[in-house]
Structure formats: C-alpha cells, structure tokens
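Visitor: In our numbering, the protein residues as written are -10 to 126.
(1) I need the DSSP call for residue 88, collapsed to helix, strand or coil.
(2) Quick one: what's got a C-beta closer than 6 Å to residue -7's C-beta in the same chain, skipping five residues either side?
(3) How would you label residue 56, buried or exposed, when you count the other beta carbons within 10 angstroms and need 16 or more for buried?
(4) Please report how far the alpha carbon of residue 103 lies from the alpha carbon of residue 113, in whole angstroms.
(5) Just curious, the alpha helix (DSSP H) that residue 60 is in, first and last residue?
(6) Three or more C-beta pairs under 8 Å: does that hold for the stretch 37 to 48 against the stretch 89 to 98?
(7) On the DSSP bridge assignment, give the partners of residue 70 in chain order.
(8) Between 107, 108, 3, 119, which lies nearest to residue 52 when the distance is taken from Cα to Cα?
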C-alpha cells in the first residue's frame, strides 16, 4: 500500500472550506472568462445557485471533509478550461440554431472539445491520486 501523504482527518475543517471555496471560485472564474460578454451577464445567478448547493451539501454532511476536498480538486481541474480561450463576442448561444454558421464555430468547437477532454483527464488523475495518497477523502 502506498504511503499516505495527506490525512484529511488532521486538516482543520476551515482549511478545507477555504480550499473548496477557492476551487469554486476557479470553476466560476474560468467559466465567466470563457463566455462572451452578453452570455456572461446571465450567469451570476447560476453561479450563486451552484455555490449554495455545494455549500448546503457540505454543511449537512456528517463529515464534509471528502466533499470539500473534491470540490477544491474540481476547481484545480477546471483551470484546464482556460486553454480554450475566450469565445468571440458575437458567438451565438449553443442553443441557437445559427451557431454552426458562425465563421469561427469550427475553431471554437475544436478548442472546446480539447479543453473538455483535458478537464476529464485531469479530474480522473486527481481522483486516482487522491484515492492512493489521501486518507479520509
């Protein structure tokens, strides 16, 4: 068995809350940075709702250490989205049928696929490393 590098039961809960909230800030900051300005205006309510759901889940948990740890790790993983770059300001919503007619659609779609795959790879790697090296997660 691999040596445990971190034991979450010895980490103060407030440190894990800070780590998780920083992870949420990274997730939502990356999402807002990628979106074009007119789509960005709609998302603060979604961000607040997602944060409230996460905090409620962690608050009602009997031992929130694992929830908080993985919340922080997801924030680190979502930093891979920054490789996608910002979408053009005139890019229509993905639900708009005319989105495929945009001149930069193929470039943005390719960058989005690459960023999505990289996020999945980073999440899987972080979870596997957590299972191996972190106790109490």
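Virtual Cβ for every residue (Gly too), placed ideally from N, Cα, C.
Guide: With the structure as the only source:
(1) Three-state result, residue 88: helix.
(2) Sequence-distant partners of residue -7 (beyond 5 residues in either direction) whose C-beta falls short of 6 Å from its own C-beta, in its chain, are 124.
(3) So residue 56 ends up on the buried side.
(4) Computed Cα separation, rounded: 16 Å.
(5) Boundaries of the alpha helix (DSSP H) around residue 60: 54 to 67.
(6) Result no; under three Cβ-Cβ pairs closer than 8 Å.
(7) DSSP output for residue 70 lists no bridge partner at all.
(8) Of the listed residues, the one whose Cα sits closest to residue 52 is 3.
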